[in-house]
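Below is one structure, written out as structure tokens; comments come after it.
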Amino acid sequence: MFGNLLRFELRGHLRRPVTWLYVAIMFALAFFATSTDAVLVGDALGKVKKNSPYAIAQLFATLLAIGQVITGALVSSAILRDFDEGVHELVFTTRVTRVGYLSAKFLAAFVAMLLVFGAVPIGALAGSVAPWADKTYLQPIVLWHYVQPWLVIGIPGVFFLSATLFAVGAITRSAFAGYVTGILLLVGLSVGQSLTRTLDNDTIANLIDPFGLRTFGLVTRYWTPVEKNTLVLPWSGFLAANRVLWVGVGALLLVVAFRVVRLEKTAGLSRRRRAKAAADTSTAATGGAPVAAL
């Protein structure tokens, strides 16, 4: 039953035009950032090539931070659609458990987000071979330079975002709360960077950044242009600590959501309102007459 529900949810995401709209946006931003000067993502690169592992990793982290504001609707809407339409109550007529239902919803939304942000390396690769791209600012293509940033920055970051937005949407049952969460994450990133710009403790500055932009700067701050053109981000030190921390935060939020969220129709009501609803139901069942005490 879980497998059938997961496949159904995946098909739903793949059939929605908005999913492919987000894919197109991410692809276009990465494509034009690599092939032209019309789209500038990150700092001016100077001697660093546009398709270097440094530039592609910076592109990933930046688009992840900016793109989550619009793409977060994919995750929050995954659970909200069923709540709004009352479809979630049909779960009680099947063999799927509450955890299985929520897991299928989350995994399908997570895969959809991976698809959206997976357009970034493909767009960067396509931009590297665009006929009008200035070869002066490009170097020979190395596929690992496009894949490795996706593995160490993209996937952990997408997991954290998906888990956070899913948990907020499932607990609050509000699309507005999901949008606000995405904006707050972006605002928090800006405030955090401002506060840590003069902070001597690099460890704290590294750990408070869920998107890895500060981490990226710490890891590469002493790299020469030659190293930026050839070295990939090492999975150790600042980077490993940051990614493991925020994947753990995302997993914790999922656990909280799975324990808190209830699928009953009265799930979001206060205890007093639920008791009143039960009393009204009992009164209606006895034709409005009070039930005599035995």
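The sequence shown begins at 23 in the numbering used here and counts up one residue at a time. Even glycine gets a Cβ: it sits at the ideal position worked out from N, Cα and C.
{"query": "Minimum C-alpha distance to Ala134 - residue among Val209, Ala262 and Phe30", "result": "Phe30"}
{"query": "Rounded C-alpha distance that separates Phe24 from Ala126", "result": "7 Å"}
{"query": "Lys250 classed as buried or exposed, judged by whether at least 16 other C-beta atoms fall within 10 angstroms", "result": "buried"}
{"query": "Three-state secondary structure assigned by DSSP to Gly140", "result": "coil"}
{"query": "Which of helix, strand or coil DSSP assigns to Ser292", "result": "Low per-residue confidence applies at Ser292: pLDDT is 44, beneath 50, and the placement is therefore not dependable enough to give any value."}
{"query": "Buried versus exposed, by CB contacts within 10 Å (16 or more), Lys71", "result": "buried"}
{"query": "Neighbourhood of Ala152 by C-beta, 6 Å cutoff - its chain only, sequence neighbours within 5 removed", "result": "Ser57"}
{"query": "C-alpha distance - Phe182 paired with Ile230, whole-angstrom precision", "result": "13 Å"}
{"query": "For Gln161, three-class secondary structure by DSSP", "result": "coil"}
{"query": "Cβ-Cβ distance between Leu136 and Ala197 below 8 Å", "result": "no"}
{"query": "8 Å Cβ cutoff met for Phe53 and Ala60", "result": "no"}
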